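Q: Shown below is the structure under consideration.
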Amino acid sequence: MMEEKLLSMLGIARRAAKLAMGYDAAYDAMQKGKCRLLVLSADLSERTMQSIREQAQRSGTEICCLDCTMELLGKAVGRKQTGIIAINDSGFAKSVKALCGENSQEECI
3 MMEEKLLSML
13 GIARRAAKLA
23 MGYDAAYDAM
33 QKGKCRLLVL
43 SADLSERTMQ
53 SIREQAQRSG
63 TEICCLDCTM
73 ELLGKAVGRK
83 QTGIIAINDS
93 GFAKSVKALC
103 GENSQEECI
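See the structure below:
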């Protein structure tokens, strides 16, 4: 139930053009200081996970790791699949973080 709410919120943020999706777009958003929250799928490769976490740490971006697949995450935002989503709006980030905290496999960091 909570996961549905979370994925729905990401879909709304997508329609409001407040997301950067995929590694390159998320990396770019973090470098420019636009990213308020990074959402990652559970099935990201170890190498990608390590690299994006390092950039998040450098830019001071919080991370939420969801217990869902790239396919499910992508479907929520109208894509075939995506494992990395940067939320570029503080309102959406706050809402997603609240839902993420209740539904993530690890605490938002």
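Here our numbering is used: position 62 in the sequence shown is 64, and no number is missing along the way.
For each residue, glycine too, the CB sits at the ideal point set by N, CA and C.
These numbers come from a predicted model, not from an experiment.
When the Cβ atoms of the region 92–100 are set against those of the region 45–59, are three or more pairs found closer than 8 Å?
A: Output reads no: the region 45–59 does not touch the region 92–100.
Q: Where GLY76 and LYS82 are concerned, what is the direct C-alpha to C-alpha distance, given to the nearest angstrom?
A: Roughly 5 Å between the two C-alpha positions.
Q: Do SER97 and MET112 have their beta-carbon atoms positioned less than 7 Å apart in this structure?
A: Coverage of the chain is limited to positions 3 through 111, which leaves residue 112 absent and any answer about it impossible.
Q: Determine which residues share a DSSP beta bridge with LYS39 and list them.
A: The sequence given here has Leu at residue 39, not Lys. BP columns for LEU39 point to GLU64, ILE89.
Q: Which class does LEU101 belong to by DSSP, given the choice of helix, strand or coil?
A: Note: LEU101 maps to helix in three-state DSSP.
Q: What is the DSSP secondary structure of ALA44, reduced to helix, strand or coil?
A: Correct three-state label for ALA44: coil.
Q: LEU46 and GLY85: beta carbons closer than 7 Å?
A: Contact flag set, yes.
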